[in-house]
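Asks:
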Amino acid sequence: MKLVLDALGNQSIPMRSDATLDGEQISIARGALESGAVLLCASLFGNGLNYFFMLFLARQLGMEQFGLYALGVTLFNTALLVGCAGLDTGVIRFVSAYMAQGHAGAARRVIAIAVTVVTLLGVLLGIGFGMIAAPLSTQLYQKPGLAVVLLCFAPALVFALVGTVLLAALQAFQTVRYTVALKYLWEPVGKWVIAGIAIWAGWGLSGVVLGWVVVFGVTACLAGAVLVRQGRLGVADFAVLGRSEARALASYSAPLLFANLFGVVAPRADVMLLGYWVSAEDVGVYLAAFQTAAVLALILGAFDVVFAPIMSRAWAASDRLTFRESYAMVHRVAFTATVPMCVLLVVFADDVLRVFGSGFAAGGSILAILAVGYLVNASSGCANTVLLMSGHSRIVLINTVCYGTLLIGATAAMIPVWGPSGAALAASGSFALLNAVRVVQVWRLHRMLPWTLAIVKPLAAGGVMSLAVVLLKPYLATAAYLPLGLLACALYMLVLYAARLESDDALILTALAARVRMAAGWAR
326 MKLVLDALGN
336 QSIPMRSDAT
346 LDGEQISIAR
356 GALESGAVLL
366 CASLFGNGLN
376 YFFMLFLARQ
386 LGMEQFGLYA
396 LGVTLFNTAL
406 LVGCAGLDTG
416 VIRFVSAYMA
426 QGHAGAARRV
436 IAIAVTVVTL
446 LGVLLGIGFG
456 MIAAPLSTQL
466 YQKPGLAVVL
476 LCFAPALVFA
486 LVGTVLLAAL
496 QAFQTVRYTV
506 ALKYLWEPVG
516 KWVIAGIAIW
526 AGWGLSGVVL
536 GWVVVFGVTA
546 CLAGAVLVRQ
556 GRLGVADFAV
566 LGRSEARALA
576 SYSAPLLFAN
586 LFGVVAPRAD
596 VMLLGYWVSA
606 EDVGVYLAAF
616 QTAAVLALIL
626 GAFDVVFAPI
636 MSRAWAASDR
646 LTFRESYAMV
656 HRVAFTATVP
666 MCVLLVVFAD
676 DVLRVFGSGF
686 AAGGSILAIL
696 AVGYLVNASS
706 GCANTVLLMS
716 GHSRIVLINT
726 VCYGTLLIGA
736 TAAMIPVWGP
746 SGAALAASGS
756 FALLNAVRVV
766 QVWRLHRMLP
776 WTLAIVKPLA
786 AGGVMSLAVV
796 LLKPYLATAA
806 YLPLGLLACA
816 LYMLVLYAAR
826 LESDDALILT
836 ALAARVRMAA
846 GWAR
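The sequence shown lines up with residues 326 to 849 when you count with our numbering.
1. Looking only at C-alpha atoms, which of Gln464, Phe377, Pro775 sits nearest to Ala761?
2. When you compare only the Cα positions, how much space is there between Val658 and Leu625?
3. Hey, would you say Val668 sits closer than 7 Å to Gly787, going by beta carbons?
4. If you compare alpha carbons, which of Leu400, Val440, Glu389, Phe401 is closest to Gly411?
5. Give me the residue from Ala594, Ile733, Tyr817, Cys546 with the minimum Cα distance to Val483.
6. Which residues in the same chain as Val711 place their Cβ atom closer than 6 Å to its Cβ, once the five residues preceding and following it in sequence are excluded?
7. Can you check which of these residues, Leu476, Arg645, Ala618, Phe648, is closest to Thr663 by C-alpha distance?
8. Output yes or no for whether 7 Å exceeds the beta carbon distance between Ala573 and Ala425.
9. Do Ile716 and Ser578 have their C-beta atoms within less than 7 Å of each other?
10. Out of curiosity, what's the CA-to-CA distance linking Ala520 and Leu695?
11. Can at least three beta-carbon pairs, one atom from the region 475-482 and one from the region 527-539, be found at a separation below 8 Å?
12. Can you tell which of Trp743, Ala823, Arg645 has its C-alpha closest to the C-alpha of Val603?
13. Can you grab the Cα-Cα spacing for the pair Tyr817 / Val672, in whole Å?
14. Could you tell me the boundaries of the alpha helix (DSSP H) in which Thr463 lies?
15. On a CA-only basis, which of Ala674, Ile438, His771, Gly698 is nearest Ala687? Give me that one, please.
16. In the structure shown, what three-state DSSP assignment does Leu346 receive?
17. Cutting at 6 Å between CB atoms, please list the residues of its own chain near Leu612, excluding the five before and the five after it.
18. What are the complete alpha helix (DSSP H) segments, minimum 4 residues, inside the region 721-804?
19. Return the CA-CA distance between Pro634 and Trp640, expressed in angstroms with no decimal places.
20. Have a look at Asn402, Met739, Ala422, Arg434 and flag the residue whose alpha-carbon is nearest the alpha-carbon of Leu450.
21. Entirely within the region 405-435 and at least 3 residues each: give me those beta strand (DSSP E) ranges in chain order.
Written as structure tokens, this is what we have:
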């Protein structure tokens, strides 16, 4: 991709004389973008199902039961991400690097080591989760109904941890189709079907949560079966665990384990602290707003997933040009696609949350604050992935510890004063500062920035789009809001087109359009 010099006058990024990529780079970029596009479509579908599943639960269970579900899911996800101990990222890093060097045996041993460790961690975490359920529910949160929810979540931890590592291994092999099928199709559909049966049978919230054990168990079994069938994992790999691979994986993942203690707990501190200060109903409103705003993270996340192994291989092969171009490309695509969605969530915040129930509309300001925070995240590109894939996991640790400390402190200070809105302000403000620090660190280490002059185009188009919606909305009935939103997105695209596309913009849109037209197809 042709790199445009940013406004700061960065002269250290190499430029190509041609206006377009050479044949090899075009092939790499197109394949990655097509995989990213299909993963984005799949993640939108899967997370869309998860979102409507949450809406379904809110309406079926009521605000209080939904609030207990929100707390339980937050604590479960916290235990899950901490329990991974950074091994999922380590698997992507080392499997990609070993495959690039032609060491397939070492790659298989890394997967076997990671699966063994997370299985043991999952058993320990599941036991601990069950033991603290009662005191956590009654003594800390003073919500006795939470204990049953946590006990039902405990057995799902083992399967969820193993499945996460196995899916990371498939990602390292750049096999996107299985991530699509399992994570974005089976898991949301399975949760929905089992929850519907549980509610119909009268099992209530406990039945809904126990369904997660089945869902994650199937994911782990199928992901493992795929790796075995492809010859990328076998019983012999568990019998001979390589010491050199284990040391390398432990050295890389250990800082991430400590980073996760802050990086995973801190972003969920808002919900956990809200559970102490406010009612279960308010926790449910905040979770609805948070999950709605989190849709914006799917765009950056989809392309981040695809480009992470590409960056790792480029770094291992000393291909600095591909490394730099991937960084800029992820930012451009993610930011351009995030702007219109952010505008819609901010302008229609109250109306979007009202679909959960009339009481949820009070969280409109929370949704707007969180949406802006995710837009800032998209504007920083995949800076954290650049640090990880280039081997700077200790810098990531320092970043995360500082971020976690700041976020927990800000959340604890703001929630007693402003309630859920204070939690949203603390989350978005801390996240923005963290991303700014990451961008500066990538600049100092690699002399590259995610921004180019092309960022002006989506900003201008977003401004025109937001102005049009704000001017027209007061004169329209609620039933006309959906057509208005679609027309606003069309206006955004029209402004981008009028601003003229550069040659590599056309490459991006061509790859995206090809996969959107065949969203049911598989990535290469």
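A virtual CB, placed ideally from N, CA and C, is assigned to each residue, including glycine.
The model shown is predicted, which means the values in this text are computed figures rather than measured ones.
Replies: Taking the geometry as given:
1. Pro775
2. 8 Å
3. yes
4. Val440
5. Cys546
6. Tyr652, Val767
7. Ala618
8. no
9. It is Gly, not Ile, that sits at residue 716 in the sequence shown. No, these two residues do not count as a Cβ contact at 7 Å.
10. 28 Å
11. yes
12. Trp743
13. 15 Å
14. Premise fails: Thr463 is in no alpha helix (DSSP H) and is neither H nor E.
15. Ala674
16. Residue placement at Leu346 is flagged as unreliable, the pLDDT there being 44, under the threshold of 50; the coordinate-derived value follows with that caveat. In the structure shown, Leu346 sits in coil (DSSP, three-state: anything other than H, G, I, E or B).
17. Ala395
18. 745-771, 781-797
19. 10 Å
20. Asn402
21. none
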